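Step one of this worksheet: look at the structure below.
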Amino acid sequence: MSESQSPAPSPSLAPVLVRAAEATVLSDAPGSLITLLADSDTTGGAFTSNRATLAEGTAGAPAHFHTRATEFFFVLDGALEVLTGETVVTLEKNDFLAVPPGMPHAFAPAAGRSADALVVFTPGMGRFDYYRLLDRVARGEASVEEIKESAERYDNHYVDSPVWRAHRAAA
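With the sequence shown counted from 1, adding 983 to any position gets you my numbering.
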């Protein structure tokens, strides 16, 4: 193939375009916004993506793991603290982190900062209904018990992390 030729596009995956004005924005807590970008049903199962916008002082996501997907974080602005196993790292603007399946992780904006991050799961996980459930819980329309019951369906398994609890308490 010459340099001027491009490989044939994959017939199973079309480009995915989401205009900002068309994206659904949810809130799972005051000061926390989740912008739904692309879910597995629109990406042929290749990935799921959202934008997490976290105001200063918001709790973020508690410690959890996924059995099937790698979760990627790319910080668009601010600073994001992320638990990776037993270590907490601070990601600054333009930093990237990949968390493999099975690794406990959590995230929240760094103390005194806000955070804006692109989050991608691969393979895709059908997560948009999970985010909608979090939004309903935040509005009092669903219970925390429903989140617990959805662990297998959304591959989101909450765990206790003394490291994360101690870190957040000190922040």
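Cβ coordinates follow ideal geometry from the N, Cα and C atoms, glycine included.
No experiment lies behind these values; they were computed from the predicted model shown.
Spatial neighbours of GLY1107 within its chain, please: CB distance less than 7 Å, with the 5 preceding and 5 following residues excluded, ordered by chain position. In the sequence shown, residue 1107 corresponds to position 124, counting from 1. In its chain, beyond the 5 residues on either side, ASP1022, SER1023, THR1026, GLY1028, ALA1029, PHE1030, THR1031 have a beta carbon closer than 7 Å to the beta carbon of GLY1107.
Beta carbon of LEU1020, beta carbon of ALA997: below 8 Å? Along the sequence shown, read from residue 1 onward, the residue named residue 1020 stands at position 37. Along the sequence shown, read from residue 1 onward, the residue named residue 997 stands at position 14. Contact flag unset, no.
Beta-carbon gap between LEU1066 and ALA1100 smaller than 8 Å: What you label residue 1066 is simply residue 83 of the sequence shown in a count that begins at 1. What you label residue 1100 is simply residue 117 of the sequence shown in a count that begins at 1. Contact flag unset, no.
Can you look up ALA1153 in the DSSP assignment and give me helix, strand or coil? Working through the sequence shown from its first residue, we reach residue 1153 at position 170. In the structure shown, ALA1153 falls within a helical segment according to DSSP collapsed to helix, strand and coil.
By the DSSP assignment, the alpha helix (DSSP H) with GLU1128 in it spans what residues? Working through the sequence shown from its first residue, we reach residue 1128 at position 145. Looking at the DSSP string, the run of the alpha helix (DSSP H) that includes GLU1128 is 1127-1132.
Comparing C-alpha positions only, which one of ASP1112, GLU1075, ASP1138, PRO1045 sits nearest to ALA1152? For the purposes of this step, residue 1152 is identified with residue 169 of the sequence shown, where counting begins at 1. Closest in alpha carbon position to ALA1152, among ASP1112, GLU1075, ASP1138, PRO1045, is PRO1045.
Does DSSP put ARG1034 in a helix, a strand or coil? Residue 1034 sits at position 51 when you count from the first residue of the sequence shown. ARG1034 falls in the strand class under three-state DSSP.
Got a sec? Which residues, its chain only, sit under 7 Å from GLY1085 by beta carbon, not counting five neighbours each side? Along the sequence shown, one-based indexing puts residue 1085 at 102. For GLY1085, where only same-chain residues beyond five positions count, the Cβ hits under 7 Å are PHE1048, THR1050.
Would a C-beta distance cut-off of 8 Å place THR1041 and GLY1061 closer than the cut-off? Position 58 of the sequence shown, counted from the first residue, corresponds to residue 1041. Position 78 of the sequence shown, counted from the first residue, corresponds to residue 1061. Going by beta carbons, THR1041 and GLY1061 fall outside the 8 Å limit.
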